[in-house]
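Data first, discussion second: the structure below is written as structure tokens.
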Amino acid sequence: MSRHEKDAPPDSFDCEGQPTERLVEMFVRMTQENRIRLGQTPAERAVFRKLHGVAHGHFEILPGVDRKLRTGIFAQDRLEAWVRFSSDTSPTLPDLGSTLGVGIKLFGVAGSNGLGESGTTADFILQNFPRFFVQDAKAMCEFTYAGVVLKDYPGYLKQHPATQAVLDAMTAPQGSVLTSTYWAILPFKLGKEVVKYRLEPETAPQNVPDDADDYLATDLATRLARDGYRFRFMIQRRTHPSTMPLDRAMDDWSEKQSPFVQIATLVLPRQDIGERGQADYGQSLSFNIWRTPPENAPSEASSIAVVRKAVYAAGAAARHRANGQPLKDLPEPRPVAPKPKAPDEGIVKAVIYPPIGIARVGSSPDGYFIGPEVTEPPAQDKGFYRDAQGRLKRQAARFRIYGVNAEGHIIRELSVPKSGAKVRWTVQLANTKAAWYGFQLALDIPEASSAPPTTLRNAAVADRSRLAITPATQSVQGAKARPKRFDGTFMDLEVHLGEIRTDECGRLVVLGGHGVSRSCDGTYAITFANNEGWHDDVSDGPVTAEVVLDGKPLEVVPAWVVVAPPNYGPQRKSVRTMWDLMRDVAIRAGTLAAPARPSFTHDILPLFQRLAGLQWVNAGFAAGFGWKGMFDFTDPEVLARLGDSGPAEREYRHAVANQFRNFARDSWSPTPWPWLYGDAMNIPPAQTPRQYTALTDTQLAMLQQWALGEFVADHDPNRKPPATLAEVPLPEQGDMLTRAALEFCLADAFHPGCEMTWPMRQATMYLQPFRLAHQLPGWKEPNLGEVITLDSITLANGPLTGQPPGGLTRWMAVPWQADSASCRSGYDTTYDPYVPSFWPARVPNEVLTEENYRIVMDTKKPLAERRAAFANRAAWINPLGSTSYTDQINNMIQHFDHLGVVEARKGPTDTDAFPAVIEVEDQHKPIQDVIPPEARVRRRGTATGSSVGVHHREAPSAAKVDVRGIEKVRRFPGGLRR
132 MSRHEKDAPP
142 DSFDCEGQPT
152 ERLVEMFVRM
162 TQENRIRLGQ
172 TPAERAVFRK
182 LHGVAHGHFE
192 ILPGVDRKLR
202 TGIFAQDRLE
212 AWVRFSSDTS
222 PTLPDLGSTL
232 GVGIKLFGVA
242 GSNGLGESGT
252 TADFILQNFP
262 RFFVQDAKAM
272 CEFTYAGVVL
282 KDYPGYLKQH
292 PATQAVLDAM
302 TAPQGSVLTS
312 TYWAILPFKL
322 GKEVVKYRLE
332 PETAPQNVPD
342 DADDYLATDL
352 ATRLARDGYR
362 FRFMIQRRTH
372 PSTMPLDRAM
382 DDWSEKQSPF
392 VQIATLVLPR
402 QDIGERGQAD
412 YGQSLSFNIW
422 RTPPENAPSE
432 ASSIAVVRKA
442 VYAAGAAARH
452 RANGQPLKDL
462 PEPRPVAPKP
472 KAPDEGIVKA
482 VIYPPIGIAR
492 VGSSPDGYFI
502 GPEVTEPPAQ
512 DKGFYRDAQG
522 RLKRQAARFR
532 IYGVNAEGHI
542 IRELSVPKSG
552 AKVRWTVQLA
562 NTKAAWYGFQ
572 LALDIPEASS
582 APPTTLRNAA
592 VADRSRLAIT
602 PATQSVQGAK
612 ARPKRFDGTF
622 MDLEVHLGEI
632 RTDECGRLVV
642 LGGHGVSRSC
652 DGTYAITFAN
662 NEGWHDDVSD
672 GPVTAEVVLD
682 GKPLEVVPAW
692 VVVAPPNYGP
702 QRKSVRTMWD
712 LMRDVAIRAG
722 TLAAPARPSF
732 THDILPLFQR
742 LAGLQWVNAG
752 FAAGFGWKGM
762 FDFTDPEVLA
772 RLGDSGPAER
782 EYRHAVANQF
792 RNFARDSWSP
802 TPWPWLYGDA
812 MNIPPAQTPR
822 QYTALTDTQL
832 AMLQQWALGE
842 FVADHDPNRK
852 PPATLAEVPL
862 PEQGDMLTRA
872 ALEFCLADAF
882 HPGCEMTWPM
892 RQATMYLQPF
902 RLAHQLPGWK
912 EPNLGEVITL
922 DSITLANGPL
932 TGQPPGGLTR
942 WMAVPWQADS
952 ASCRSGYDTT
962 YDPYVPSFWP
972 ARVPNEVLTE
982 ENYRIVMDTK
992 KPLAERRAAF
1002 ANRAAWINPL
1012 GSTSYTDQIN
1022 NMIQHFDHLG
1032 VVEARKGPTD
1042 TDAFPAVIEV
1052 EDQHKPIQDV
1062 IPPEARVRRR
1072 GTATGSSVGV
1082 HHREAPSAAK
1092 VDVRGIEKVR
1102 RFPGGLRR
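Have a look at this one:
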């Protein structure tokens, strides 16, 4: 018996007389329904199971088509279409080596069809090869029997080399489903004629080798998000019946005898195929070549066409039944995203923006500036941040009120003249740090149980109200309203927390204190966060308003203001900002949608820009990510590679994405990015991944999408971001104000932090994304006792719900200067003297001095000397002196404005050896120790560490003071509990 005879089905399995019944049995009952019985969910098609994407479009019949051909489908002018791109393989298998298929469902073709249905749809099914792999239904049955029943496809193919050759050629192109050509293979009627169909792209094929498992889906989504695509729908007439058989599917029809000619165009407009429900809709569609008007039906002479009719129908019925879906096609297509309609102009309420405004203290009595109102503000001129006497200006938070419609869309600003609205602003500021609990460690991490207990500050003071600075509420209205002050007391000491006023347009301007921190009993600060008897003048509180429009009061959505320490790096952002953190909180809470596909420009590029930007405030980041550094993210060629979604850069993207810390993967190694300390930082390093900082879950997820190429490739090296809010479209101004304020706030180590701390991770803190809940009228804070834990503060009416005035800043260090002066980099110099770091974006570590900048700019000096000066970074804390840690924090308290502000300056133009913009410390003013020698208590230990750069005629570097034993970095005196 020959091998061929052995592989042939027995007579009882009649492939010649019953090919349809046998193929239904093998494809549907033995294969598809068996998968369903084994738990396949959702149930899949029998063939072409791997979905690449579903797109909407339309099918246009060309004008001037021969009237004889304008029949059935082609009698229309334009039909709506949904198109399913897939491969004939398992959804879990790679794309390469699979056969591509495309199903086109047209809407608007009324009447009965070849399936005996009466509806409004018609289908085309095509694949990416012009010939089938067997000739007829009998051969198809025998082939399927060899694989499904005998499990011996290789044996069959060895005996049928022609089939093997076709199957080898029917593989997915190494490019795109949008640049591939497809054939319907079988003959179809077209009126009185018989034709074959071909779908060919107007875009030239772009074959790029790509071995990613799902590269076709990624490519399809990326391309259609960027551009629309068009296909020519072609027909080939059967002009020579003797050489153009109807039941030999492996035989080509000669294009010399009958060339393909275009009859229609399939248009796929630019779209987001990831729109919710679109893929599910495409999967629910069933396709059958017989679902077409009789005048366009497959030729009955094609035995494969005949069996396809039954097999596809049976498979669709099994799948829809298992998935609980009706089998009948809907008469209308799924609606596509509607074009934006004109907004409802009716204003139903008012909203204050930004939802959280950020003001900052400063030593200047009168000088102030408005905080960032766009995410990428232009650099200010030299000296902008100081007054004429060199004192630090305060940063003001400015608030606006927008009228919104019922959908919450901004209609117009109401806090300006001629808006038709009357506005009365009300603000309440408070500082309740000294009356609250001390900081030991963020209470929402497991390591908190290993830290010292979190106890009341100033526990010996019975009258807790004397510790809380709670000035009266103040209100202003109209344009250029005179300042209203927030004056309170702390242990009978008068304290000024700031004032409010309005600008020339009537917008609210909130200013904080002047950076005055004092002790009520004359003691000096001795630790970073919990100095007994001390107060400072940072604060926070609610911002509300009364708005009357057209004589009627409007509901007003309130906001909050936080008065924080100064920003010594005003152009810098940390890698994980407070906006990123609050976005992640909202996404995880289900109150904000995660982007289906991140934008490179707005979601991914900022990570690299921030890493590069930290070069101006930390020497380690300068070497790693700065100008000509190890990973120079300022290089346009590098940015172009990062922004390229193509497969050629996939492994590069993957390698870069894997550099970022992931708590689930990384232990306590300091190597992963970003090189920043975390919530559980300790010296010696704690054996926990929270020794260092990681990005948010949302940021990490977007990085993985980016690595795979599943992102919006919108990188534009010539993009010019808005320099002022006036350049932002009105409907987008609220979001811009929100992000601009919070992106310049830190969410690195909550230890405790700079502006806000760990409670911002709690979803219960928020009224809506980025907007804090306010305490309810008559709210009474529960008595939490002398010691708190996370369990004791997660009460329904506890401190992690609606906030009282002072509710955010009370968790922070007192005074803030002691914490800022304690935040260093490279505590463990055996690893690296400069990284990891605490908060370099706000509290710099190593900076370029004015003296070294002048050398860089001096064109008369040798280039080597200029390059050395550029690389030379000095310790930012040097003005604090090198006497002792205690002296340093007290010097900072008294003279925090002596520390430098890192400003942007122009770089040299005579050489390309330096960047076009260089950031320079504006001053380096030494502070004479404020603690008299007779009162000084020196800390034990010898000076260790090293200074950075050359310090011209200065005292020993402040960085040489050994701070490895201070309380800030000795968080686990009893060890880390396991």
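Here the sequence shown is numbered in the working numbering, starting from 132 and rising by one per residue.
Every residue gets a Cβ at the ideal spot worked out from N, C-alpha and C, and that includes glycine.
Is S434 closer than 8 Å to D299 when the C-beta atoms are compared?
Numbered from 1 along the sequence shown, position 168 holds the residue referred to as residue 299. Numbered from 1 along the sequence shown, position 303 holds the residue referred to as residue 434. Cβ distance not < 8 Å, so D299 and S434 don't count as in contact.
Anyone know if the C-beta pair for E630 and F621 falls short of 8 Å?
Residue mapping note: residue 630 aligns to position 499 of the sequence shown, counting from 1. Residue mapping note: residue 621 aligns to position 490 of the sequence shown, counting from 1. Contact flag unset, no.
Please confirm if the segment 943-950 is in contact with the segment 658-673, defined as three or more CB-CB distances below 8 Å between the two stretches.
yes
Can you name the residues that DSSP bridges to R368?
The count along the sequence shown starts at 1 and reaches residue 368 at position 237. R368 is bridged to V326.
Proximity of Q393 and Y313 at Cβ, strictly below 8 Å
Within the sequence shown, residue 393 is the residue found at index 262, counting from 1. Within the sequence shown, residue 313 is the residue found at index 182, counting from 1. No. Outside cutoff.
Buried or exposed: H846, going by 16 or more other Cβ atoms within 10 Å of its Cβ?
Your numbering for residue 846 matches position 715 in the sequence shown. Its Cβ being crowded by 16 or more others within 10 Å, H846 is buried.
Could you check what DSSP says for A356 in three-state terms: helix, strand or coil?
Stepping through the sequence shown from its first residue, residue 356 is reached at position 225. Of the three classes helix, strand and coil, the one that applies to A356 here is helix, per DSSP.
Could you pull the start and end residues of the beta strand (DSSP E) that F621 belongs to?
The sequence position of residue 621 within the sequence shown is 490, counting from 1. Run containing F621: K615 to F621, per the beta strand (DSSP E) assignment.
Whole beta strand (DSSP E) elements within the segment 975-1038, 3-residue minimum:
1033-1037
Is it true that the CB of R215 sits closer than 8 Å to the CB of G413?
Mapped onto the sequence shown, residue 413 falls at position 282. Mapped onto the sequence shown, residue 215 falls at position 84. A contact, by the Cβ cut-off of 8 Å.
Within 10 Å of its beta-carbon, does R1108 have 16 or more other beta-carbons around it, so buried, or fewer, so exposed?
As a position in the sequence shown, residue 1108 is number 977, starting the count at 1. So R1108 ends up on the exposed side.
Contact check, H1055 vs T960 under 8 Å by CB: the rounded distance?
Within the sequence shown, the letter at position 924 stands for residue 1055. Within the sequence shown, the letter at position 829 stands for residue 960. With a Cβ gap of about 23 Å, H1055 and T960 do not count as contacting.
Close-in-space but distant-in-sequence residues of the same chain around A1044 (CB under 7 Å, 5 per side omitted)
As a working mapping, residue 1044 is identified with position 913 in the sequence shown. Hits under 7 Å: L994 and R998.
Cβ-Cβ distance between A537 and L685 below 8 Å:
As a first step, residue 537 is located in the sequence shown; it is residue number 406 there, counting from the start. As a first step, residue 685 is located in the sequence shown; it is residue number 554 there, counting from the start. Taking 8 Å as the Cβ cut-off, A537 and L685 do not qualify as a contacting pair.
Given this structure, state the Cα-to-Cα distance separating A1047 from G774, to the nearest angstrom.
Reading the sequence shown from its first residue, position 916 is the one you call residue 1047. Reading the sequence shown from its first residue, position 643 is the one you call residue 774. Looking at the two C-alpha atoms, the distance is approximately 22 Å.
Measure the CB-CB distance between S951 and M1023 and report whether it falls below 8 Å.
Within the sequence shown, the letter at position 820 stands for residue 951. Within the sequence shown, the letter at position 892 stands for residue 1023. The answer is yes: Cβ separation under 8 Å.
Just how far apart, CA to CA, sit Q746 and F756?
What you label residue 746 is simply residue 615 of the sequence shown in a count that begins at 1. What you label residue 756 is simply residue 625 of the sequence shown in a count that begins at 1. Going by the C-alpha atoms only, they are around 7 Å apart.
Please classify D989: is it buried, with 16 or more other beta-carbons within 10 angstroms of its beta-carbon, or exposed?
Residue numbering aside, residue 989 sits at position 858 when the sequence shown is read from its first letter. With fewer than 16 Cβ atoms within 10 Å of its Cβ, D989 is classed as exposed.
Specify the secondary structure class of K1099 as computed by DSSP and reduced to three states.
Walking along the sequence shown from the start, residue 1099 turns up at place 968. Correct three-state label for K1099: helix.
Would you call the segment 489-496 and the segment 683-702 in contact, with 3 or more CB pairs under 8 Å?
yes
Pairing CB atoms from the segment 823-842 with CB atoms from the segment 730-750, are three or more of them under 8 Å?
yes
Would you list the residues sitting across from L807 in a DSSP beta bridge?
The sequence position of residue 807 within the sequence shown is 676, counting from 1. DSSP output for L807 lists S968 as bridge partner(s).
For the candidate residues K513, R361 and V326, whose alpha-carbon lies nearest to that of A428?
Stepping through the sequence shown from its first residue, residue 428 is reached at position 297. It is V326.
As assigned by DSSP and simplified to three states, the class of Y958:
In the sequence shown, the residue the question calls residue 958 occupies position 827. DSSP places Y958 in coil when its eight states are reduced to three.
Which residues does DSSP pair with S385 in a beta bridge?
Counted from its first residue, the sequence shown places residue 385 at position 254. DSSP lists no partner for S385.
Could you tell me whether the segment 289-298 touches the segment 154-161, using the rule of 3 or more Cβ pairs below 8 Å?
no
Can you tell me whether E538 is helix, strand or coil according to DSSP?
Sequence index remark: in the sequence shown, residue 538 carries index 407 (1-based). Three-state DSSP puts E538 in coil, outside helix and strand.
Span of the beta strand (DSSP E) around K236:
The residue labelled residue 236 in the question sits at position 105 within the sequence shown. Run containing K236: L231 to S243, per the beta strand (DSSP E) assignment.
Pull up the distance between the alpha-carbon of E917 and that of P583, whole angstroms please.
Against the sequence shown, residue 917 aligns to sequence position 786. Against the sequence shown, residue 583 aligns to sequence position 452. If I take the Cα positions, the gap works out to 13 Å.
Report the partner residues of W556 according to the DSSP bridge assignment.
On the sequence shown, position 425 is the one that residue 556 refers to. DSSP, once it has assigned bridges, lists V607 and A676 as partnering W556.
Would you report the Cα separation of Q149 and A844, rounded to the nearest angstrom?
Working through the sequence shown from its first residue, we reach residue 149 at position 18. Working through the sequence shown from its first residue, we reach residue 844 at position 713. Distance between the alpha carbons of Q149 and A844: 53 Å.
Take the Cβ of W421 as the centre, count every other Cβ of all protein chains shown within 10 Å, and call the residue buried at 16 or more, exposed below.
Translated into the one-based positions of the sequence shown, residue 421 becomes position 290. W421 is buried by the Cβ-count criterion.
Inter-stretch contact (C-beta, 8 Å, three-pair minimum) for the segment 568-588 and the segment 805-823:
yes
Pair within 8 Å by beta-carbon distance, L639 and G534:
Counting from 1 along the sequence shown, the entry for residue 639 is found at position 508. Counting from 1 along the sequence shown, the entry for residue 534 is found at position 403. Cβ distance not < 8 Å, so L639 and G534 don't count as in contact.
How many angstroms separate the CA atom of K549 from the CA atom of A356?
Along the sequence shown, read from residue 1 onward, the residue named residue 549 stands at position 418. Along the sequence shown, read from residue 1 onward, the residue named residue 356 stands at position 225. C-alpha separation (whole angstroms): 41 Å.
V1094, DSSP secondary structure in three states:
Your numbering for residue 1094 matches position 963 in the sequence shown. Three-state result, V1094: coil.
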